[in-house]
Amino acid sequence: MMVEHEETAVAGGKVSNEVVVLEGVKDLTTSIVNFEELMLGHVSSLGLPREEVLIGVQERVQVLSNLQGAISELPAEYRANSMYLSKFALAVSAGLFDAALNYLWDETISELRRRIVDYDLSYFFDLAISDPEKRKDLQDPEDLAKITDDELIRAAATVGFISAVGQRQLDVVRFMRNHASAAHPNQHELKPFQLLGYVQTCIAEVILLPESQTMVDTSRLLRNVREEKVTRTDAAGYESLFAALRFEQVTALANGLFGIYSRPDSTTSARDNIRLLVPYLWPHIPEKTRATFGVKYMRFKANLDVQQASLAREFLETVGGASYLPTEVRVAEIAVLVDRLLGAHEAYDNFYNEPPIAKQIQDYIGDQEVPAGVRERYVAVLVDVFLGRRTGIGQNAKPVYQQLLDKLTPEEAALALLEVSGPNLAGTLSFKFPQGQLTELMAILQPKLVGEPSHALWRAIDKFTGPAESMMLESRIKRRRDNLMAFLN
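With the first letter of the sequence shown counted as 1, position 363 gets the number 391 in this note's numbering; the numbers rise by one all the way through.
1) Give every residue of the same chain whose Cβ lies closer than 7 Å to the Cβ of GLN15, excluding the five residues on either side of it in the sequence, and list them in chain order.
2) Alpha carbon to alpha carbon, how far is LEU56 from ASP434?
3) Thinking ILE99 and VAL227 are a contact (beta carbons under 8 Å), I'd like their distance in whole angstroms, please.
4) Report all residues from its chain with a CB closer than 6 Å to the CB of VAL478; omit the five preceding and five following residues, and keep chain order.
5) Note down, one range per segment and in chain order, each alpha helix (DSSP H) of at least 4 residues found wholly within the stretch 101-181.
6) What separation, rounded to the nearest whole angstrom, lies between the Cα atoms of LEU501 and ILE489?
7) Decide if LEU332 is buried, meaning its Cβ has at least 16 other Cβ atoms within 10 Å, or exposed.
8) With a threshold of 16 other CB atoms inside 10 Å of the CB of SER290, please say whether the residue is buried or exposed.
9) Near LEU68, what residues of its chain come up, given a Cβ to Cβ distance below 7 Å and the 5 sequence neighbours on each side ignored?
10) For the alpha helix (DSSP H) containing ASP300, name the first residue and the last one.
11) Inspect the CB distances between the stretch 130-147 and the stretch 231-246 and report whether three or more fall short of 8 Å.
12) In the DSSP assignment, what are the bridge partners of GLY420?
13) Taking 6 Å as the limit between beta carbons, can you name the residues of its chain near GLN215, skipping five residues before and five after?
14) Tell me which residues share the same chain as PHE459 and place their Cβ nearer than 7 Å to its Cβ, disregarding the 5 neighbours each side in the sequence.
15) Does the beta-carbon of PHE221 have 16 or more other beta-carbons within 10 angstroms, so that it is buried, or is it exposed?
16) What would DSSP say about PHE203, mapped onto helix, strand or coil?
17) With H, G and I counted as helix, E and B as strand and the rest as coil, what does DSSP make of ASP293?
18) Hey, is the stretch 366-374 in contact with the stretch 391-410, meaning 3+ C-beta pairs nearer than 8 Å?
19) Alpha carbons only, please: which of GLU374, ALA444, TYR147 and GLY494 is nearest the one belonging to THR242?
20) In terms of residues, what are the limits of the alpha helix (DSSP H) holding HIS24?
21) Using CA atoms only, rank isn't needed, just tell me which of ARG303, ASP177 and ALA264 is closest to GLU342.
22) Check for me: the alpha helix (DSSP H) holding HIS483 runs from which residue to which?
23) Taking all protein chains shown into account, do 16 or more other C-beta atoms lie within 10 angstroms of the C-beta of GLY322, making it buried, or fewer, making it exposed?
Rendered as structure tokens:
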């Protein structure tokens with residue numbers, strides 16, 4: 029152990045501060061043991077339990093002695109302001125791995141929010157929130173706190189703040205944080221090197237992940253739309269950028285431009301710019317994304333947002349897209365109910381709150397085809413709620429979900445396969461109960477599939493013997509997913 033002396037000037041003289049530097053495992057162990065005995069003795073004196081409250085000293089030392097290596101890539105200036113990482117280290121030293129994981133997650137989300145604000149906050153809100161009513165309340169950096177961690181991560185991955193692999197890894201960390209954190213008496217599930225792995229994941233996949241050239245170009249485009257005058261020549265020059273965008277990037281940019289155009293406080297100049305740009309982007313926008321603009325139009329109408337509804341229709345008419353305006357209010361109602369169902373599923377008392385919403389959806393679906401504008405979202409949420417949570421599934425809701433799954437068309441069954449083998453449900457599938465539900469789901473989907481791409485992905489998933497949460501990383505499954513997505517698009 030080494031003790032450094034520093035003098036701090038104060039009113040009336042100087043105070044000597046001792047800075048204790050622990051040089052090895054022995055120093056760490058001794059200091060932790062001494063602290064633990066002192067605090068547990070105090071806990072006992074209060075008549076509180078002291079057994080099985082803290083993680084063992086050896087496990088704490090393993091994390092602390094390897095922490096320097098885990099954070100070695102972080103620049104010194106970043107470390108100097110990382111309050112949550114300091115709290116993480118102190119929670120580890122106290123034997124509270126559950127609290128430490130909470131602090132690590134807080135550091136990750138805090139940094140992700142900072143990067144979003146620096147990039148384009150309004151664009152991010154347009155991607156993260158599909159509900160126009162909720163979107164109205166999101167304007168400032170402080171409003172990022174109103175977005176759930178799940179919404180934040182999914183939208184951040186769409187923009188490019190997180191890689192596809194990083195999204196899967198962070199989803200697992202999020203689930204561990206939710207189910208083995210200070211909110212639940214399960215801290216024994218967290219192992220030293222597992223915790224260190226989470227540190228490295230959060231650093232590599234969020235804090236230090238650089239912006240891609242596409243992100244830079246997209247940010248510049250959005251800034252020009254809002255602040256500059258785009259000429260016809262400028263607009264034509266963006267055609268090569270649009271052609272090079274990946275599927276999810278095209279969807280994100282299209283939603284961003286639609287959001288700017290339909291927002292009442294956008295300038296006339298910004299809308300003029302978008303009318304010049306969007307004809308070059310439109311050929312690359314997937315059909316299901318085009319259809320969502322019609323859904324948003326109907327939701328504006330349903331919410332009596334007359335100006336936004338008018339602007340949404342104007343956007344579609346700019347590219348001859350009036351055919352994507354829904355002819356029935358049904359589509360807007362399904363969209364609202366699907367969002368409500370997912371919200372109930374992720375909240376407390378989900379077993380009680382899910383069934384009535386599920387039955388409402390069943391009424392709106394009836395024997396009709398699911399409208400294209402909500403089809404992908406509907407299938408994704410239906411798969412999510414059918415897999416259930418770690419603790420199970422509501423018995424009154426499950427029969428409804430089974431009946432809705434039985435009505436899936438071949439295309440919708442293929443979408444369900446893509447959802448279950450993708451990154452969004454990796455965290456869910458790390459638990460035993462959803463894994464059992466996956467087996468049931470696969471049996472329901474098999475007879476519905478049409479075409480070799482769908483059957484090939486089903487077989488690849490069925491033959492996969494690794495951890496269910498890692499299936500999207502298996503090369504054969506990734507190839508089958510790519511083939512099926514190309515087939516559907």
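Where a beta carbon is used, it is the ideal one built from N, C-alpha and C, also for glycine.
Concretely, from the data shown:
1) Residue 15 is absent from the structure shown; the chain starts at 29 and stops at 517.
2) As a working mapping, residue 56 is identified with position 28 in the sequence shown. As a working mapping, residue 434 is identified with position 406 in the sequence shown. About 59 Å.
3) Indexing the sequence shown from 1 puts residue 99 at position 71. Indexing the sequence shown from 1 puts residue 227 at position 199. About 7 Å; that satisfies the 8 Å criterion.
4) Your numbering for residue 478 matches position 450 in the sequence shown. Hits under 6 Å: PRO438.
5) 104-107, 111-121, 125-147, 149-156 and 160-164
6) Here the question's residue 501 lines up with position 473 in the sequence shown. Here the question's residue 489 lines up with position 461 in the sequence shown. Taking the straight line from one Cα to the other gives about 12 Å.
7) Start at 1 with the first residue of the sequence shown, and residue 332 comes out as number 304. Classification of LEU332: exposed, given that the 10 Å Cβ count is below 16.
8) Against the sequence shown, residue 290 aligns to sequence position 262. Counting Cβ neighbours within 10 Å, SER290 comes out buried, since at least 16 surround it.
9) Within the sequence shown, numbered from 1, the residue matching residue 68 stands at position 40. Around LEU68: ARG78.
10) Here the question's residue 300 lines up with position 272 in the sequence shown. 296-309 is the span of the alpha helix (DSSP H), which, as asked, contains ASP300.
11) yes
12) Mapped onto the sequence shown, residue 420 falls at position 392. ARG417, per the DSSP bridge assignment.
13) Taking the sequence shown and counting its residues from 1, the one referred to as residue 215 is at position 187. Confidence is the limiting factor: at GLN215 the pLDDT is only 44, short of 50, which leaves the residue's position unreliable and the question unanswerable from this model.
14) Counted from its first residue, the sequence shown places residue 459 at position 431. Closer than 7 Å at Cβ, skipping near neighbours: ARG418.
15) Translated into positions along the sequence shown, residue 221 becomes position 193. When all chains shown are included, PHE221 counts as exposed.
16) Reading the sequence shown from its first residue, position 175 is the one you call residue 203. If DSSP states are grouped into helix, strand and coil, PHE203 belongs with the helices.
17) In the sequence shown, the residue the question calls residue 293 occupies position 265. If DSSP states are grouped into helix, strand and coil, ASP293 belongs with coil.
18) yes
19) Here residue 242 refers to the residue found at position 214 when the sequence shown is read from its first residue. Closest option to THR242, Cα to Cα, is TYR147.
20) Outside the modelled stretch of the chain, which goes from 29 to 517, sits residue 24, for which no answer is possible.
21) Residue numbering aside, residue 342 sits at position 314 when the sequence shown is read from its first letter. For the residues ARG303, ASP177 and ALA264, the minimum Cα distance to GLU342 belongs to ARG303.
22) Along the sequence shown, one-based indexing puts residue 483 at 455. Unbroken alpha helix (DSSP H) run through HIS483: 480-491.
23) On the sequence shown, position 294 is the one that residue 322 refers to. With 16 or more other Cβ atoms within 10 Å, it is buried.
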